[in-house]
Every structure is written in structure tokens, then in C-alpha cells.
Amino acid sequence: MSDFIKAFSKLMGQRQRATLAYRPQANGAAERMVQTVTRAIKMYIADVDQRDWDEYAERLTFALNTSHDRTRNETPFFLVPSWDPRSTLEATLAV
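Residue numbers for the sequence shown follow our numbering, so the first one is 7 and each next one is one higher.
This is the structure in C-alpha cells:
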């Protein structure tokens, strides 16, 4: 781990842990997210016409990025720009 990352983690009050490459069991949080995304994709494509998967990818991405994270008490989307996105329905109805 670089000195910059160590200093940045300390400044941000984060604990940085190194994990082994190609060993998903070493990083439980990331592996859990991969499992969640994999399940969502499998459910989404089970009943969907495989030829227009790209039309569903945007909806699935929105659903995953706006789902509430119990650990961080926010949505993944909110953690980057610090605001919640509006769905098409919210934008249409001006809620």
C-alpha cells in the first residue's frame, strides 16, 4: 500500500486493509456486494427478452445505486455527489 493511500486513509479517519488478490473470501464486504449484484442480474434477466438487455441495464443500475445501504446508512449514489437522484416518476410528477 502506498504512503499516499496510508496518509489519506489516516486523514479521512478510515481503516485501510490489504487483501489478497484473487481471494474474494478475504474481502467480505466487496464479495457480498458482488453476490447482491449477481442475484439482481439473474432475477432481472430470467423473464426478460435477452435481445434488449441494454434497455434493462440502466434500470438495474439505478435500482442498485439507489438501494439503501444499512452499513453506511445511505445509498451508494448519495455517497458520491451527496444528493439523491430523482426517478423518472418523481421528475414527471414533480414530487
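Each residue gets a CB set at the ideal place from its N, CA and C atoms; glycine is no exception.
Practice item. Just confirm the distance between the C-beta atoms of Thr-72 and Phe-83, as a whole number of angstroms; I'd bet it's less than 8 Å. Key: Contact between Thr-72 and Phe-83 holds, since their C-beta atoms are separated by about 6 Å, short of 8 Å.
Review point. Whose C-alpha, out of Ser-8, His-74, Leu-70, is nearest the C-alpha of Val-43?
Key: Leu-70
Check your understanding: Does DSSP put Asp-58 in a helix, in a strand, or in coil?
Key -> helix
Exercise for review: Give the straight-line distance between the Cα atoms of Ile-11 and Thr-98, rounded to the nearest whole angstrom.
Suggested key: Looking at the two C-alpha atoms, the distance is approximately 43 Å.
Check your understanding: Going by beta carbon distance, what residues of the same chain come within less than 7 Å of Asp-75, once the five residues before and after it are set aside?
Key -> Thr-81, Pro-82
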